[in-house]
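Working notes, beginning with the structure itself.
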Amino acid sequence: MDFTSLFWLFFLLSAIQPVIHQRMLDASRARLISRIESKRGSRVILMVHRQESMNFLGFPVVKYIDINDSEEVIRAIHLTDPEIPIDLVLHTPGGLVLAALQIARAISRHKGQVRVIVPHYAMSGGTLIALAADEIIMCEHAVLGPVDPQLGQYAAASVLKAVEQKDPNDIDDQTLILADQAEKAIRQVREAVFEFLKPRYSEEKARELADLLSTGTWTHDYPITSDEAKRLGLPVNTDMPEAFLQLMALYPQPVRRMPTVEYLPDRRTQEPKAPTATKM
137 MDFTSLFWLF FLLSAIQPVI HQRMLDASRA RLISRIESKR GSRVILMVHR QESMNFLGFP
197 VVKYIDINDS EEVIRAIHLT DPEIPIDLVL HTPGGLVLAA LQIARAISRH KGQVRVIVPH
257 YAMSGGTLIA LAADEIIMCE HAVLGPVDPQ LGQYAAASVL KAVEQKDPND IDDQTLILAD
317 QAEKAIRQVR EAVFEFLKPR YSEEKARELA DLLSTGTWTH DYPITSDEAK RLGLPVNTDM
377 PEAFLQLMAL YPQPVRRMPT VEYLPDRRTQ EPKAPTATKM
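According to my numbering, numbering within the sequence shown proceeds without interruption in unit steps and concludes at 416.
Below you can see the structure in the form of structure tokens.
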């Protein structure tokens, strides 16, 4: 075989290798999902948003909850018998309020138990979905986040606060329009959160939580830990099944550069110490 043939063989194998690797990952995911469903007697649905650091021409790719996600999750729910429990795995920074609300309302109306699984994080719209579940299972170090709406680069609550601190005569029409949108956005999200919480809490407690989470109590990226979520009264459980962590390992972060975190992927255990010889 001459050099040209070797070059083209290498080129062909290099082109095929990522496809083969992806097919193997897909098959591994399907097998593990099937095993989890059989063991737990549930329907497993995953919504995983990995953030790609770079794609074609070097532009970053940011993934978030969108209408396609809500369509697929709702389809999966429709393909599940009403009495079958659902395990919804969330790994997301959030996304469109419309899409998150569609998913949240779909799982809140499912007759069987719905458990939201949060291995690492489910911020913003992800938290909105989690609030509609019967149980939230989080890793000890996983986080949720506030659900206060954002208007472009600004938090809706911050827009209202800025307007309140100025004389109305000093505010331009565009800012007044933005403030009107901010007030409506907060009211809509607050009422949606109350809708999801009122079946499990008193009306007073549901209103209190809805206000706390949707009206700008914290910055939008504030991490609500499992301990804090429990203190707030959310139905959080930190008994995370190992199988879901294994499943997340089958959704690797796309790498376009040298990794910033590296370790041997085996579990590290303490080796037993050799017995000390006893002198007589």
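The beta-carbon is built from N, C-alpha and C at its ideal position, and this holds for glycine as well.
- For the options Ala321, Ile201, Val250, Gly231, the alpha carbon positioned closest to that of Ile220 is the one of Val250.
- If you compare the alpha carbons of Arg159, Trp354, Asn373 with that of Met259, the shortest gap goes to Trp354.
- Ala235 and Gly288 have their C-alpha atoms roughly 17 Å apart.
- Boundaries cannot be given for Val397, as no beta strand (DSSP E) includes it and DSSP labels it neither H nor E.
- Annotation for Ile272: Arg251, Val252, Val254, Ala266, Leu280, Ala365, Leu370, Pro371, Val372, Asn373 place their beta carbon closer than 8 Å to its own, counting only its chain and skipping 5 residues before and after.
- Contact between the stretch 175–186 and the stretch 209–226 is present: three or more C-beta pairs spanning the two stretches fall below 8 Å.
- Listed in chain order, the non-local C-beta contacts of Gly231 below 7 Å within the same chain comprise Tyr200, Ile201, Asp202, Gly261, local neighbours out to five positions each way being set aside.
- In the three-state reduction of the DSSP assignment, Leu345 falls in the helix class, which pools H, G and I.
- Taking C-beta atoms as the reference points, Pro285 and Ala328 fail to come closer than 8 Å.
- Its Cα nearest to that of Pro229, the residue Met183 stands out among Val397, Leu312, Met183, Lys175.
- Per DSSP, the unbroken alpha helix (DSSP H) holding Val233 starts and ends at 233–244.
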